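J.: A single structure is presented below for examination.
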Amino acid sequence: MNILQLAADIIDGKRLTKEDDLSFFKDADLDDLKKGADQIREHFCGDKVDLCTIISGRSGKCSENCKFCAQSAHHHTSCDVYDLLDEDTIVNAARANQEEGVDRFAIVNSGKGPTPEEFEKIIHIYERMRDELKINLCTSLGFMTTEQFQRLKDAGVTGIHNNIETSKEYFDKICTTHSFQDKIENIKRAQSVGLSVCSGGIIGMGETFEDRISMALTLGELGIKSIPVNSLMPIPGTPLENQTRLTEDEIIRTITMFRFINPEADIRLAGGRALMANDGKETFSAGASASITGNMLTTSGSTIASDKEMLTELGRDVTPCWA
220 MNILQLAADI IDGKRLTKED DLSFFKDADL DDLKKGADQI REHFCGDKVD
270 LCTIISGRSG KCSENCKFCA QSAHHHTSCD VYDLLDEDTI VNAARANQEE
320 GVDRFAIVNS GKGPTPEEFE KIIHIYERMR DELKINLCTS LGFMTTEQFQ
370 RLKDAGVTGI HNNIETSKEY FDKICTTHSF QDKIENIKRA QSVGLSVCSG
420 GIIGMGETFE DRISMALTLG ELGIKSIPVN SLMPIPGTPL ENQTRLTEDE
470 IIRTITMFRF INPEADIRLA GGRALMANDG KETFSAGASA SITGNMLTTS
520 GSTIASDKEM LTELGRDVTP CWA
């Protein structure tokens, strides 16, 4: 396989599908994969880096049994547990992120979905942020109805985050309280009202590289344009606490593969950045075009300022899209 010729073909319109033999991604020369992925990124995404931040609106006591998650009530971890934060705390956090030049801000809640009372409070918070701020608004609230998605859109939300987590084939090894198909149907409900969907997953949970390829292909079939790639940071008290950590080369190889399969999407560097040197700087020369930023455990404590400085050194444009 001539990797650089494949990159050129993708730029010219070729798309990889499940009918193609994609096993070469496992052992192709990594330098060639990085170079090809960067060429694809430059052509389709340019130098603009989309930066997003989140706030944990409600934490802990989740009814779902996802094996990777500290917030599941099925596990025994030391995660923070609290109900929905008050309105001013969330709005002020969004304002602070806007002032630092972030593109988008999201409330992320634990749980399968909000209670009716919580949902009404969240709608009011988004209406206030829509009216007072410029920053793009996203959210991750779990499973919702079409009508709820429409109300979120009307309140100013432009994007919904809903990871598929892994491949269809491996999903039930990670979670059994909801199904892979439940995820797909939720994504399609959000898309049906015109919301952009951010969806990716976690690598390093014991899945095969073929599972990662399958996940990337599914996201392409769904037309996802923002794909966060998280690398598992094993959490004590979860079933995956003793999982072997990924190497930096494994993470970079996976990111290049996602870029080749989803050439027009933002491949978003997400959790697990502590597994890489310089908070994952090299991934931005290997296909990554976006990032979750801020002082969060899963991003190793990198700050908005340090991320913007790193990206500026790489010649990337970190001007927020709303500016």
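Under my numbering, the sequence shown has 415 at position 196, and the numbering climbs by one with no breaks. Here a beta-carbon is modelled for each residue, glycine too, at the ideal position from N, C-alpha and C. None of these values were measured; they are calculated from a predicted model.
Tell me which residues share the same chain as Asn-449 and place their Cβ nearer than 6 Å to its Cβ, disregarding the 5 neighbours each side in the sequence.
T.: Taking the sequence shown and counting its residues from 1, the one referred to as residue 449 is at position 230. So the qualifying residues of the chain are Ile-421, Ala-489, Gly-490 and Gly-491.
J.: What is the DSSP secondary structure of Lys-286, reduced to helix, strand or coil?
T.: Taking the first residue of the sequence shown as position 1, residue 286 is located at position 67. Coil at Lys-286, not helix or strand.
J.: Grab the span of the alpha helix (DSSP H) containing Glu-406 for me, first residue to last.
T.: The residue you call residue 406 lines up with position 187 of the sequence shown. Rather than Glu, the amino acid found at residue 406 in this sequence is Ile. Here the alpha helix (DSSP H) through Ile-406 covers 399-411.
J.: Would you give the residue range spanned by the alpha helix (DSSP H) that Asn-355 belongs to?
T.: Working through the sequence shown from its first residue, we reach residue 355 at position 136. From DSSP, Asn-355 is part of no alpha helix (DSSP H) but of the beta strand (DSSP E) over 355-359.
J.: Cβ atoms of Cys-264 and Ser-418: under 7 Å apart, would you say?
T.: Taking the sequence shown and counting its residues from 1, the one referred to as residue 418 is at position 199. Taking the sequence shown and counting its residues from 1, the one referred to as residue 264 is at position 45. No, the Cβ-Cβ distance between Ser-418 and Cys-264 is not below 7 Å.
J.: Alpha carbons only, please: which of Gln-224, Leu-465, Asp-302 and Glu-337 is nearest the one belonging to Met-363?
T.: Counted from its first residue, the sequence shown places residue 363 at position 144. It is Glu-337 whose Cα lies nearest to the Cα of Met-363.
J.: Taking the alpha carbon of His-294 as the point to measure from, which residue in Pro-458, Ala-505, Arg-487 and Trp-541 has its own alpha carbon closest?
T.: Residue numbering aside, residue 294 sits at position 75 when the sequence shown is read from its first letter. It is Pro-458 whose Cα lies nearest to the Cα of His-294.
J.: Please state whether DSSP places Gly-506 in a helix, a strand or coil.
T.: Along the sequence shown, read from residue 1 onward, the residue named residue 506 stands at position 287. Of the three classes helix, strand and coil, the one that applies to Gly-506 here is coil, per DSSP.
J.: Contact check, Phe-225 vs Gly-255 under 8 Å by CB: the rounded distance?
T.: For the purposes of this step, residue 225 is taken as the residue at position 6 of the sequence shown. For the purposes of this step, residue 255 is taken as the residue at position 36 of the sequence shown. First, the residue type needs correcting, since residue 225 is Leu and not Phe in the sequence shown. So it is a contact: roughly 7 Å between Cβ atoms.
J.: Between which two residues does the alpha helix (DSSP H) harbouring Pro-181 extend?
T.: With the chain covering only 220 through 542, there is no way to say anything about residue 181.
J.: Would the beta-carbon of Ile-393 fall within 7 Å of that of Met-424?
T.: Here residue 393 refers to the residue found at position 174 of the sequence shown. Here residue 424 refers to the residue found at position 205 of the sequence shown. Cβ atoms of Ile-393 and Met-424: closer than 7 Å.
J.: Determine, using beta carbons only, whether Ile-354 and Gln-317 come nearer to each other than 7 Å.
T.: Reading the sequence shown from its first residue, position 135 is the one you call residue 354. Reading the sequence shown from its first residue, position 98 is the one you call residue 317. A contact, by the Cβ cut-off of 7 Å.
J.: Taking Cβ positions, are Gly-506 and Ile-474 nearer each other than 7 Å?
T.: Here residue 506 refers to the residue found at position 287 when the sequence shown is read from its first residue. Here residue 474 refers to the residue found at position 255 when the sequence shown is read from its first residue. Taking 7 Å as the Cβ cut-off, Gly-506 and Ile-474 qualify as a contacting pair.
J.: By Cβ distance, which residues of its chain are closer than 6 Å to Asn-381, with the 5 residues on each side in sequence left out?
T.: Counting from one through the sequence shown, the residue named residue 381 turns up at place 162. Within the same chain, Asn-381 has close Cβ partners Asn-405, Ile-406 and Ser-418.
J.: Whole angstroms is fine: what's the gap from Cys-540's alpha carbon to Ile-523's?
T.: Sequence index remark: in the sequence shown, residue 540 carries index 321 (1-based). Sequence index remark: in the sequence shown, residue 523 carries index 304 (1-based). Approximately 16 Å between the Cα atoms of the pair.
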